[in-house]
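**Q**
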Amino acid sequence: MFALTQSLLYPTVNGEFTPDSHLASIQGGICMLVKAFRALGLLSALTFTLSVNAGDVRAAEPTVMSVNQCVDQMMGYLAPENLVSVTWLSHQPSELAIAPTLRDIPANFGFIEQVLELRPDIVMAGQYGASSLKPMVGKFNMRWVEIPLPQSLDDLQASWRMVGEAVRKPEQAADIVRGLRDYFADVHGKIADKQVKALVLNANGWIAGEGNFQDAFLDAIGVINVASEQGVQGWGQVDLETLVRWRPDLLVLVSNSYDSEALATNWVEHPLLKRRPSRFKPLYIPADWLSCGTPAMTLAAQKVADHILAHERKASEGEVADDL
Numbered sequence: 001m002f003a004l005t006q007s008l009l010y011p012t013v014n015g016e017f018t019p020d021s022h023l024a025s026i027q028g029g030i031c032m033l034v035k036a037f038r039a040l041g042l043l044s045a046l047t048f049t050l051s052v053n054a055g056d057v058r059a060a061e062p063t064v065m066s067v068n069q070c071v072d073q074m075m076g077y078l079a080p081e082n083l084v085s086v087t088w089l090s091h092q093p094s095e096l097a098i099a100p101t102l103r104d105i106p107a108n109f110g111f112i113e114q115v116l117e118l119r120p121d122i123v124m125a126g127q128y129g130a131s132s133l134k135p136m137v138g139k140f141n142m143r144w145v146e147i148p149l150p151q152s153l154d155d156l157q158a159s160w161r162m163v164g165e166a167v168r169k170p171e172q173a174a175d176i177v178r179g180l181r182d183y184f185a186d187v188h189g190k191i192a193d194k195q196v197k198a199l200v201l202n203a204n205g206w207i208a209g210e211g212n213f214q215d216a217f218l219d220a221i222g223v224i225n226v227a228s229e230q231g232v233q234g235w236g237q238v239d240l241e242t243l244v245r246w247r248p249d250l251l252v253l254v255s256n257s258y259d260s261e262a263l264a265t266n267w268v269e270h271p272l273l274k275r276r277p278s279r280f281k282p283l284y285i286p287a288d289w290l291s292c293g294t295p296a297m298t299l300a301a302q303k304v305a306d307h308i309l310a311h312e313r314k315a316s317e318g319e320v321a322d323d324l
């Protein structure tokens with residue numbers, strides 16, 4: 001090794017230094033080093049390390065601070081490793097499978113001070129809320145990505161595409177939407193012929209009519225939305241008397257795990273509804289399953305299907321027993 005070092009430092013031809021002898025000596029020395037590293041098994045390891053590090057630099061994914069609960073959930077399913085902060089709402093009780101993951105990520109209240117402390121590559125927001133942050137984020141050279149609130153499955157696909165492209169995972173995002181559509185189509189094939197008329201009742205009597213995402217969900221799984229039939233556009237509200245008059249086959253109650261005293265929950269216990277003849281018993285679905293267009297919607301779809309099919313089986317068994 002000393003001889004190699006000496007030949008690199010003091011290249012000569014016939015004992016005298018020349019530029020050509022210097023270049024030739026360097027080239028020869030490099031060849032000798034490569035042979036030495038190869039013999040020691042170090043060259044492949046060095047090459048691998050350099051290529052991996054270079055790949056890390058090329059493929060580095062952006063960090064994301066979410067200031068919207070639905071964005072929290074979408075990112076939680078798509079790329080939780082990119083999240084540096086979620087909204088405080090995602091630290092509340094939840095029925096979602098990803099809830100523990102989101103609770104392990106620091107929470108924010110949408111303050112610019114928190115954005116500046118974390119310095120994310122992207123601040124990702126929803127269509128509504130945190131609007132005061134937008135101009136400030138731009139001033140500090142951080143990217144603002146705003147995800148629209150979907151009102152249809154096509155809108156949902158566009159929203160997932162935006163999230164996927166922002167975090168460089170467009171194919172994974174497309175797979176999520178494809179999975180939802182396929183699942184809904186499967187449920188549709190099982191229950192559409194039952195011609196079930198349902199009403200989704202949210203907190204404080206809010207119902208979803210035509211042009212609302214809950215309406216799109218019911219249509220996708222093969223259930224008729226009573227609110228749409230009654231001419232409701234977008235969001236509407238219904239009182240108890242109207243609910244009784246509309247006589248839906250199925251009342252779907254959207255419940256929050258932290259709001260057991262919700263109006264919809266209390267209505268179910270009202271004597272007017274208890275005396276009302278209904279084709280199906282009321283069905284409770286966690287709000288988290290329906291609110292944000294995530295894979296949790298498959299749970300809601302399956303629960304509706306199971307509820308309908310179980311009742312139909314019991315009714316069929318009862319008819320057989322009567323015939324006997």
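Residue numbers (the UniProt record's numbering): 1 to 324. Even for Gly, the Cβ is constructed at its ideal location relative to N, Cα and C.
Within 10 Å of its beta-carbon, does A36 have 16 or more other beta-carbons around it, so buried, or fewer, so exposed?
**A** Residue placement at A36 is flagged as unreliable, the pLDDT there being 44, under the threshold of 50; a coordinate-derived value is accordingly withheld.
**Q** Going by C-alpha to C-alpha distance, which of A60, E61, E312 sits closest to K194?
**A** Nearest of A60, E61, E312 to K194, Cα basis: E312.
**Q** If you scan the segment 270-299 from start to end, which runs of the alpha helix (DSSP H) of 4 or more residues do you find wholly inside it?
**A** Those alpha helix (DSSP H) runs which fall completely within the segment 270-299 and span 4+ residues are 271-275, 287-290.
**Q** Helix, strand or coil for A99, going by three-state DSSP, please let me know.
**A** If DSSP states are grouped into helix, strand and coil, A99 belongs with the helices.
**Q** Would DSSP call G126 helix, strand or coil?
**A** Here G126 sits in strand by DSSP.
**Q** Does the Cβ of T102 have 16 or more other Cβ atoms within 10 Å, making it buried, or fewer, making it exposed?
**A** Looking at the sequence shown, residue 102 is not Thr but Leu. L102 is buried by the Cβ-count criterion.
**Q** Can you check DSSP and say which residues form a bridge with M65?
**A** Answer is S85, V123, bridged to M65.
**Q** Count Cβ pairs between the segment 62-70 and the segment 117-128 that sit closer than 8 Å; are there 3 or more?
**A** Taking 8 Å as the limit for Cβ pairs, the verdict is that the segment 117-128 does touch the segment 62-70.
**Q** What does the alpha-carbon distance come out to for the pair E317 and V254?
**A** Approximately 30 Å, taken between the alpha carbons.
**Q** Taking V223 as the reference, which of P248, P148, Q233, V232 has the closest Cα?
**A** Among P248, P148, Q233, V232, the Cα nearest to that of V223 is on P248.
**Q** Which stretch, first to last residue, makes up the beta strand (DSSP E) that contains E241?
**A** First-last for E241: 240-246, but that is the alpha helix (DSSP H), not the beta strand (DSSP E).
**Q** Apply the 10 Å Cβ neighbour rule to P148 and answer buried if 16 or more other Cβ atoms are within range, or exposed otherwise.
**A** Looking at its Cβ environment, which holds fewer than 16 other Cβ atoms inside 10 Å, P148 is exposed.
**Q** What are the boundary residues of the beta strand (DSSP E) that I147 is part of?
**A** Element bounds for I147: 143-147.
**Q** Using only CA atoms, which one of Q73, A60, E61, D104 lies nearest to A287?
**A** Nearest of Q73, A60, E61, D104 to A287, Cα basis: Q73.
**Q** For W289, count neighbouring C-beta atoms within 10 Å of its own C-beta (all shown protein chains included) and say buried if the count is 16 or more, exposed if not.
**A** It is buried - the Cβ of W289 has at least 16 other Cβ atoms within 10 Å.
**Q** Do you know whose CA, among N212, L240, P120, L201, lies nearest H270's CA?
**A** When each option's Cα is compared against that of H270, the closest is L240.
**Q** Quick one: give me the first and last residue of the alpha helix (DSSP H) that Q114 is part of.
**A** First-last of the alpha helix (DSSP H) with Q114: 112-118.
**Q** Does the Cβ of T294 have 16 or more other Cβ atoms within 10 Å, making it buried, or fewer, making it exposed?
**A** Label assigned to T294: buried.
**Q** Specify the secondary structure class of G236 as computed by DSSP and reduced to three states.
**A** G236: strand per DSSP, three-state reduction.
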